[in-house]
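Undergrad:
4 protein chains.
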Amino acid sequence: MDDTLARRRVPARAKAEQRIRDILRISREVFSELGYERTTTTEIAQRLGISEGTIFTYFHSKRELCARVIQDWYDEIIAAIENGMPRGQSTRAQLEFFIHTHLRLFLIQGTGLCALVLSEGRAKGQGLGEVFLPLQRRYTAPLMDLLARAREAGEIRADLPLSLLRSAILGPMEHVLWDAVVGGRPVDIEKTAQHLVALLWPALLPPDLEVAALKRFYGEVGVALRRVEEGK
Amino acid sequence: MDDTLARRRVPARAKAEQRIRDILRISREVFSELGYERTTTTEIAQRLGISEGTIFTYFHSKRELCARVIQDWYDEIIAAIENGMPRGQSTRAQLEFFIHTHLRLFLIQGTGLCALVLSEGRAKGQGLGEVFLPLQRRYTAPLMDLLARAREAGEIRADLPLSLLRSAILGPMEHVLWDAVVGGRPVDIEKTAQHLVALLWPALLPPDLEVAALKRFYGEVGVALRRVEEGK
Amino acid sequence: MDDTLARRRVPARAKAEQRIRDILRISREVFSELGYERTTTTEIAQRLGISEGTIFTYFHSKRELCARVIQDWYDEIIAAIENGMPRGQSTRAQLEFFIHTHLRLFLIQGTGLCALVLSEGRAKGQGLGEVFLPLQRRYTAPLMDLLARAREAGEIRADLPLSLLRSAILGPMEHVLWDAVVGGRPVDIEKTAQHLVALLWPALLPPDLEVAALKRFYGEVGVALRRVEEGK
Amino acid sequence: MDDTLARRRVPARAKAEQRIRDILRISREVFSELGYERTTTTEIAQRLGISEGTIFTYFHSKRELCARVIQDWYDEIIAAIENGMPRGQSTRAQLEFFIHTHLRLFLIQGTGLCALVLSEGRAKGQGLGEVFLPLQRRYTAPLMDLLARAREAGEIRADLPLSLLRSAILGPMEHVLWDAVVGGRPVDIEKTAQHLVALLWPALLPPDLEVAALKRFYGEVGVALRRVEEGK
DNA sequence: GATGAATGAGATTTCATTCAT
DNA sequence: AATGAATGAAATCTCATTCAT
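Chains as they are written, first to last, in UniProt numbering: chain C, 1 to 232; chain F, 1 to 232; chain S, 1 to 232; chain B, 1 to 232.
1. Where are the alpha helix (DSSP H) runs, 4 residues long or more, that stay fully inside the stretch 172 to 205 of chain F, in chain order?
2. Say whether chain S places a C-beta atom closer than 9 Å to the C-beta of G171 of chain B.
3. Rounding to the nearest angstrom, what Cα-Cα distance links Y74 of chain B and L135 of chain B in this structure?
4. What residues in its chain sit with their C-beta under 8 Å from that of I99 of chain F, if we drop five residues either side in the sequence?
5. Less than 9 Å between the beta carbons of R76 of chain C and L105 of chain C, yes or no?
6. Could you tell me whether the Cβ of H100 of chain B comes closer than 9 Å to any Cβ of chain S?
7. Could you tell me how far apart the beta carbons of L165 of chain B and L147 of chain B are, in whole angstroms, since I believe they sit closer than 8 Å?
8. Would you mind giving the Cβ-Cβ distance between L199 of chain S and A203 of chain B, rounded to the nearest angstrom? I have them listed as a contact below 8 Å.
9. Could you work out which residue in C:C66, C:R68 and C:L143 is closest to F97 of chain C when comparing CA atoms only?
10. Could you pull out every residue in the same chain whose Cβ sits closer than 8 Å to the Cβ of G222 of chain S, ignoring the five residues on either side in sequence?
11. According to DSSP, is G35 of chain B helix, strand or coil?
12. Tell me the DSSP secondary structure of D72 of chain F in three-state form.
13. If contact means a Cβ-Cβ distance below 9 Å, which residues of the stretch 37 to 50 of chain F contact chain C?
14. Taking all protein chains shown into account, do 16 or more other C-beta atoms lie within 10 angstroms of the C-beta of G125 of chain S, making it buried, or fewer, making it exposed?
15. Indicate whether at least one CB of chain C lies closer than 9 Å to the CB of D2 of chain F.
16. Under 8 Å between beta-carbons, which chain S residues line up against V176 of chain B? List them in chain order, please.
17. Could you tell me which chain C residues have their CB closer than 7 Å to the CB of H195 of chain F, listed as they occur along the chain?
18. Classify S90 of chain C: buried if its beta carbon has 16 or more other beta carbons within 10 angstroms, exposed otherwise.
19. Starting from the beta carbon of D179 of chain C, find every residue of chain F whose beta carbon is closer than 9 Å, and list them in chain order.
20. Quick one: grab the DSSP three-state call for H60 of chain F.
21. Within this structure, are the beta carbons of I55 of chain F and A67 of chain F separated by less than 9 Å?
22. Considering just the uninterrupted stretch of the alpha helix (DSSP H) at I44 of chain C, what are its terminal residues?
23. Tell me the DSSP secondary structure of D159 of chain F in three-state form.
24. How should H60 of chain F be labelled, buried or exposed, when 16 other C-beta atoms within 10 angstroms of its C-beta is the threshold for buried?
25. Less than 9 Å separating the beta-carbons of P207 of chain S and R157 of chain S?
26. Please check if any C-beta of chain C sits within less than 9 Å of the C-beta of V221 of chain F.
27. Would you mind telling me which residues of chain C sit closer than 8 Å to S61 of chain F, beta carbon to beta carbon, in chain order?
28. Using beta carbons (cut-off 9 Å, strictly below), is residue 268 of chain B in contact with chain S?
29. Using a Cβ-Cβ distance under 9 Å, would W73 of chain B count as near chain S?
30. Between S27 of chain S and chain B, is the shortest Cβ-Cβ distance under 9 Å, so that the two count as touching?
31. When the cut-off is 9 Å and only beta carbons count, does L146 of chain S lie next to chain B?
32. Need the endpoints of the alpha helix (DSSP H) that Q94 of chain S sits in, please.
33. List the whole-angstrom C-beta distance separating R69 of chain S from L34 of chain S, where the pair is believed to meet the contact cut-off of C-beta under 8 Å.
34. Should I81 of chain B and H102 of chain B be called a contact, given that it needs their Cβ atoms to be closer than 9 Å?
35. Rounded to a whole number of angstroms, what is the C-alpha to C-alpha distance between V83 of chain S and Y139 of chain S?
36. Give the secondary structure of R149 of chain B by DSSP, where H, G and I count as helix, E and B as strand, and everything else as coil.
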């Protein structure tokens with residue numbers, strides 16, 4: 001009974017929501033394959049098996065549709081990272097989670113959406129640009145927080161601007177993804193994430209924390225030696 | 001008389017070549033400002049003060065023109081790096097030269113051309129994609145050579161694939177450039193290059209090369225100490 | 001119980017009639033604001049807070065709806081004039097009533113409906129045009145009657161076609177209304193009506209009715225004078 | 001020779017100008033037949049036997065094209081009236097010229113353009129409206145000047161606002177034209193102009209200028225008579 | 001070789017109308 | 001009776017490319 005009622009009332013609203021979801025799903029596909037300009041509403045409609053007009057029943061314009069696609073995609077990534085971040089664990093473990101999650105989510109959709117953001121974010125004039133900046137900021141916030149806290153704790157180097165450290169982490173990830181897609185090779189996400197952390201971790205450490213200690217010891221030994229020799 | 005002769009002999013070839021250069025120069029400007037799709041042949045012709053038809057006298061299509069623009073741009077960067085690379089100096093010095101030159105040449109034209117490559121390189125179907133791969137390879141060749149030689153010499157770590165090291169260098173550079181353009185801030189190229197090297201160098205070093213040596217010393221000193229104490 | 005019965009009996013007819021009235025009322029608003037083409041069924045439905053489909057339950061097409069709107073509006077004006085015309089009073093008083101009523105009714109709804117008729121009445125092809133002619137005729141009938149009777153009584157000039165006199169009355173009124181709407185100024189209906197009558201009345205009088213009599217008298221006095229002088 | 005050169009150089013520019021003239025001529029036809037909204041660029045292109053794109057080579061948008069059509073049409077009327085006005089002659093003769101010219105020029109194109117202005121002038125939002133007001137003003141300027149000068153000379157009544165007098169002249173003209181087009185009857189322009197002047201002239205005269213003089217005379221004669229009779 | 005007018009294929013977007021629920 | 005999602009025809013406008021001069 002409940003079921004029947006539910007099922008009966010559903011269509012009116014739920015059908016519409018399903019449509020919106022469908023359109024967004026396919027649009028994400030097409031936009032990420034072809035980029036904004038080469039994507040046509042005709043193509044989207046055809047893949048959905050609906051008429052072009054229907055798309056415009058739910059979205060005012062192609063631009064709005066695209067903005068929504070990007071927003072949703074960001075939202076997913078942001079949610080995945082914010083929710084999953086193992087805050088109790090070590091900085092290095094958290095960094096590894098961030099990189100791993102990032103690689104995983106990007107590779108689901110290919111780098112198409114990434115390139116979309118990269119190229120359309122620059123559309124001067126009346127562009128999608130404004131939509132991106134806040135998203136980009138929210139998206140990198142967990143990473144920035146992590147770095148800031150680690151720096152306060154003296155765990156990572158303080159001699160360079162945080163934004164540079166951020167670039168040193170995000171940049172290689174994007175480049176690896178790019179390589180993967182252009183080269184068309186599959187990526188072992190697990191391994192690549194571990195590699196990236198192994199590679200980048202030394203770059204983040206305070207230069208010569210341990211080394212400095214050892215050097216001091218080395219020096220003191222030297223002094224002691226000389227004294228022994230002299231005091232002979 | 002001289003003039004007339006000169007004018008008569010030259011034009012057939014030299015005038016045409018000048019035209020081609022002009023078209024390429026302006027096209028580079030426009031493509032990098034607007035991206036491939038938003039660039040119109042009309043815009044290019046207008047900025048040149050010539051008719052649209054003329055462009056098609058020299059280039060078969062917009063696509064071909066764009067491919068040529070990108071190729072020329074790559075050629076310049078490749079030449080600058082190949083010619084300028086200070087091969088006699090230390091690996092670190094060569095890396096700094098590479099990063100510095102890269103940043104400098106990219107920032108001359110803005111990141112427009114970079115975004116152009118990024119977004120148009122993916123054009124599935126009848127794309128520019130095929131043009132890019134070899135260029136990209138030639139472009140990164142000097143860096144790969146440098147890394148390979150340094151690895152053989154034991155200067156840099158051997159526990160990770162070279163391609164990952166490459167990504168760890170190119171990725172942050174691109175990210176920094178991106179930040180610069182999106183943020184609209186000017187970049188101190190000199191300083192940024194130094195910072196990037198300072199940041200990335202530790203990541204490239206064999207893990208614990210120096211540290212390992214010190215630790216071995218520490219250990220030996222310990223052994224010696226105990227022996228002295230015992231042999232007392 | 002009463003309620004239930006009432007509600008049950010009424011709806012079939014009365015509810016439907018209320019719907020029709022509502023749709024017509026709002027449609028009049030929208031059509032007169034926007035004109036036929038710029039009016040959308042969506043806009044009408046939204047202002048009514050009903051669904052688009054409902055409109056088509058009661059009207060076969062947008063065109064039919066518009067025709068009905070115009071017809072109703074004419075009916076109101078015609079009724080107001082036919083019922084209110086002070087037939088016992090002087091021709092001039094009746095003319096003033098006509099002008100006053102006309103201005104008043106037009107200005108209630110703005111000149112939107114007027115412009116609607118003007119522009120849509122001409123729609124060649126599958127137009128509303130055919131609907132208008134009889135309405136226009138019924139609408140001007142009271143004025144034509146008034147003029148015809150006055151002419152028979154010798155009150156107004158007989159040297160020009162009646163249709164021209166009608167134009168000389170309707171034309172200025174419309175022009176004044178137009179001015180008012182374009183200029184966006186409020187109109188003092190009372191005063192404007194009086195002014196129009198003052199202006200137009202002399203145009204309707206038989207040329208020189210009074211003047212002719214006076215001139216005849218003037219001539220006779222002259223003759224008499226000369227006779228007196230001579231007969232001295 | 002001259003001819004040949006002239007003919008040879010002509011196309012480049014003259015061909016374009018001819019095109020523009022052709023497009024304007026046909027557009028005037030279509031816009032005046034169908035109104036702004038119902039006119040399609042397809043229809044215009046078809047009647048011209050050219051492709052739709054060509055229209056947009058010369059005019060940025062349908063709206064601009066329409067604005068130009070209206071402007072040209074106004075310009076013609078304004079020029080005809082400004083140039084032909086017989087300024088030396090009597091006020092009445094000048095008025096007749098104005099009315100006659102107006103009727104003639106309007107009837108060449110039908111009232112289509114008139115209705116176009118009427119209906120599109122109201123297009124709220126981003127309309128053609130702004131284009132019209134100055135044209136309308138320039139267009140009525142000669143008439144207003146005429147009326148103002150005549151009023152200063154005491155030739156026409158001063159008890160009503162000039163704008164009302166203007167409406168009393170323009171209004172009937174438009175109404176007559178409307179009648180003619182709706183009714184589909186041909187109009188005897190000469191006769192109609194004369195009739196309109198005969199009809200409207202008395203409305204413009206100072207009320208009772210002549211009549212007042214005669215009445216004064218009549219009164220004085222009466223006084224004189226009584227005095228003679230008494231002084232007998 | 002240069003021109004620039006003409007083209008036509010195609011893209012986005014609107015909206016009256018239909019119809020299953 | 002009411003809904004509102006779906007439609008599809010049509011409209012405006014863009015632009016790379018061609019070709020006669």
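Glycine included, every Cβ here is placed at the ideal spot set by N, Cα and C.
Just so you know, these numbers come straight off a predicted model, no measurement behind them.
TA: So, from the listed chains and residues:
1. Entirely contained in the stretch 172 to 205 of chain F, the alpha helix (DSSP H) runs reaching 4 residues are, in chain order, 189 to 204.
2. Residue mapping note: residue 171 of chain B aligns to position 171 of the fourth sequence, counting from 1. Answer yes: the Cβ-Cβ gap between G171 of chain B and chain S drops below 9 Å somewhere.
3. Sequence index remark: in the fourth sequence, residue 74 of chain B carries index 74 (1-based). Sequence index remark: in the fourth sequence, residue 135 of chain B carries index 135 (1-based). In this structure, the CA atom of Y74 of chain B is about 7 Å from the CA atom of L135 of chain B.
4. Reading the second sequence from its first residue, position 99 is the one you call residue 99 of chain F. Scanning its chain for C-beta atoms nearer than 8 Å, with the 5 sequence neighbours on each side dropped, one finds around I99 of chain F the residues I169, M173, A193, L196 and V197, in chain order.
5. By 1-based counting over the first sequence, the position of residue 76 of chain C is 76. By 1-based counting over the first sequence, the position of residue 105 of chain C is 105. For the sequence presented, residue 76 of chain C should be read as Glu rather than Arg. For E76 of chain C and L105 of chain C, yes; Cβs fall inside 9 Å.
6. As a first step, residue 100 of chain B must be located in the fourth sequence, where it is residue number 100. For H100 of chain B, no CB of chain S lies under 9 Å from its own CB, so it is not counted at the interface with that chain.
7. Residue 165 of chain B sits at position 165 when you count from the first residue of the fourth sequence. Residue 147 of chain B sits at position 147 when you count from the first residue of the fourth sequence. The Cβ separation is near 6 Å, so the contact holds.
8. On the third sequence, position 199 is the one that residue 199 of chain S refers to. On the fourth sequence, position 203 is the one that residue 203 of chain B refers to. A203 of chain B and L199 of chain S do touch by the CB rule: their CB atoms are close to 5 Å apart, below 8 Å.
9. If you number the first sequence from 1, residue 97 of chain C lands on position 97. The shortest C-alpha separation from F97 of chain C is found at C:L143.
10. As a working mapping, residue 222 of chain S is identified with position 222 in the third sequence. Here the set comprises nothing.
11. Numbered from 1 along the fourth sequence, position 35 holds the residue referred to as residue 35 of chain B. Residue state, collapsed to three classes: helix.
12. To locate residue 72 of chain F, count along the second sequence from 1; it is residue 72. In this structure, D72 of chain F counts as helix in the three-state DSSP scheme.
13. Those residues of the stretch 37 to 50 of chain F that come within reach of chain C (Cβ to Cβ, closer than 9 Å) are E37 and R38.
14. Along the third sequence, one-based indexing puts residue 125 of chain S at 125. With a pLDDT of 49 at G125 of chain S, under the threshold of 50, the modelled position of this residue cannot be trusted; read the value that follows with caution. It counts as exposed.
15. The residue you call residue 2 of chain F lines up with position 2 of the second sequence. The predicted position of D2 of chain F is uncertain, since its pLDDT is 46 and thus under 50; a value taken from the coordinates is nonetheless stated next. No, D2 of chain F does not count as interfacial toward chain C.
16. Residue 176 of chain B sits at position 176 when you count from the first residue of the fourth sequence. Proximity of chain S to V176 of chain B at the Cβ level (cut-off 8 Å) is accounted for by L164, S167 and G171, in chain order.
17. For this step, residue 195 of chain F is matched to residue 195 along the second sequence. Within chain C, the residues near H195 of chain F are L160 and L164.
18. Stepping through the first sequence from its first residue, residue 90 of chain C is reached at position 90. Looking at its Cβ environment, which holds fewer than 16 other Cβ atoms inside 10 Å, S90 of chain C is exposed.
19. Position 179 of the first sequence holds residue 179 of chain C. Those within 9 Å of D179 of chain C in chain F are S163, R166 and S167.
20. In the second sequence, the residue the question calls residue 60 of chain F occupies position 60. Look at H60 of chain F here: in three-state DSSP terms it is coil, with no helix or strand label.
21. Residue numbering aside, residue 55 of chain F sits at position 55 when the second sequence is read from its first letter. Residue numbering aside, residue 67 of chain F sits at position 67 when the second sequence is read from its first letter. Taking 9 Å as the Cβ cut-off, I55 of chain F and A67 of chain F do not qualify as a contacting pair.
22. Counting from 1 along the first sequence, the entry for residue 44 of chain C is found at position 44. Per DSSP, I44 of chain C belongs to the alpha helix (DSSP H) from T41 to L48.
23. Indexing the second sequence from 1 puts residue 159 of chain F at position 159. D159 of chain F falls in the coil class under three-state DSSP.
24. Reading the second sequence from its first residue, position 60 is the one you call residue 60 of chain F. In this structure H60 of chain F is exposed. Its beta-carbon is surrounded by fewer than 16 other beta-carbon atoms within 10 angstroms.
25. As a first step, residue 207 of chain S must be located in the third sequence, where it is residue number 207. As a first step, residue 157 of chain S must be located in the third sequence, where it is residue number 157. In this structure, R157 of chain S lies closer than 9 Å to P207 of chain S by Cβ.
26. Along the second sequence, one-based indexing puts residue 221 of chain F at 221. Judged by the 9 Å Cβ criterion, V221 of chain F is in contact with chain C.
27. Your numbering for residue 61 of chain F matches position 61 in the second sequence. Result: empty, since nearest Cβ-Cβ is about 16 Å, beyond 8 Å.
28. Because chain B in this structure spans residues 1 to 232, residue 268 of chain B falls outside the shown range and cannot be described.
29. For the purposes of this step, residue 73 of chain B is taken as residue 73 along the fourth sequence, with counting starting at 1. No, its Cβ sits nowhere closer than 9 Å to a Cβ of chain S.
30. Here residue 27 of chain S corresponds to residue number 27 of the third sequence, with the count starting at 1. No, no contact with chain B.
31. For the purposes of this step, residue 146 of chain S is identified with residue 146 of the third sequence, where counting begins at 1. Chain B contact via Cβ: absent.
32. To locate residue 94 of chain S, count along the third sequence from 1; it is residue 94. First-last of the alpha helix (DSSP H) with Q94 of chain S: T91 to I108.
33. As a position in the third sequence, residue 69 of chain S is number 69, starting the count at 1. As a position in the third sequence, residue 34 of chain S is number 34, starting the count at 1. The identity of residue 69 of chain S in the sequence shown is Val, whereas the question assumes Arg. Not confirmed; about 12 Å, so no contact.
34. Here residue 81 of chain B is taken as the residue at index 81 of the fourth sequence, counted from 1. Here residue 102 of chain B is taken as the residue at index 102 of the fourth sequence, counted from 1. I81 of chain B places its beta carbon less than 9 Å from that of H102 of chain B.
35. Translated into positions along the third sequence, residue 83 of chain S becomes position 83. Translated into positions along the third sequence, residue 139 of chain S becomes position 139. As written in the sequence, residue 83 of chain S is Asn, which differs from the Val given in the question. Their Cα atoms are separated by approximately 13 Å.
36. Mapped onto the fourth sequence, residue 149 of chain B falls at position 149. Per DSSP, reduced to three states, the secondary structure at R149 of chain B is helical.
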